[in-house]
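Taking it in order: structure first as structure tokens, then the write-up.
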Amino acid sequence: MRLFLWITAIAAFLFLGYLFFLWSQVKEPTFIRYKEFGINIPTQYEIHGIDVSRYQSTIAWKEVQQMKVKNIQLGFAFIKATEGSSMVDPLFKRNWKKAKEAGMVRGAYHFFQPRKDGKSQ
């Protein structure tokens with residue numbers, strides 16, 4: 001009986017230690033405000049990037065590439081190319097070219113519309 005109590009106590013202690021370890025790994029995200037661009041940047045990631053489309057209008061890519069707040073700098077940009085089955089972002093070509101000229105790592109993306117046929121998109 002005494003051995004059972006010891007084993008139960010040790011198991012409970014180990015379980016509580018495990019729960020504490022899990023709790024310590026979960027952190028609330030923290031952000032730094034980059035007021036020049038009006039964006040909040042999460043601090044817990046190694047690399048940061050942005051997603052742009054026609055809605056950002058004309059982008060000063062050199063400024064984006066040089067942007068730095070504390071020790072955080074943008075490392076890449078995802079640029080919207082298309083949406084749905086027929087929309088081509090009118091600023092895609094410009095953004096793609098200017099981002100490259102500014103030295104940004106870039107990627108293009110298609111904005112899928114879930115209510116439309118997947119094959120036609």
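In the working numbering, the protein residues as written are 1 to 121.
Even glycine gets a Cβ: it sits at the ideal position worked out from N, Cα and C.
Predicted, not measured: the structure shown is a model, and the values here were computed from it.
Residue i to residue j, Cα distance in whole Å?
i    : j    : result
V50  : M87  : At residue 50 the sequence reads Ile, which differs from the Val that was named. Taking the straight line joining both Cα atoms gives about 21 Å.
R2   : Y18  : 24 Å
S30  : Y45  : The sequence shown places Thr at residue 30, rather than the Ser named in the question. If I take the Cα positions, the gap works out to 10 Å.
P114 : L16  : 44 Å
K93  : R106 : 12 Å
I79  : I10  : 55 Å
Take residue i as the anchor and find which of the options has the nearest alpha-carbon.
i    : options                : result
E28  : G107, T43 and I72      : T43
V69  : K62, I41 and K100      : I41
I72  : V26, Y34 and F20       : Y34
Y55  : F37, L91, Q113 and A99 : L91
L117 : L22, G84, T8 and K98   : Checking the sequence, you will find Asp at residue 117 rather than Leu. D117 has its Cα closest to that of G84, out of L22, G84, T8 and K98.
N95  : A11, T58 and F15       : T58
I39  : L5, M67 and K93        : M67
V52  : K98, T8 and S24        : K98
Could you pull out every residue in the same chain whose Cβ sits closer than 6 Å to the Cβ of residue i, ignoring the five residues on either side in sequence?
i    : result
M104 : Q65 and A77
Spatial neighbours of residue i within its chain, please: CB distance less than 8 Å, with the 5 preceding and 5 following residues excluded, ordered by chain position.
i    : result
A102 : W61, K62, V64 and Q65
Anyone know if the C-beta pair for residue i and residue j falls short of 8 Å?
i   : j   : result
H48 : A81 : no
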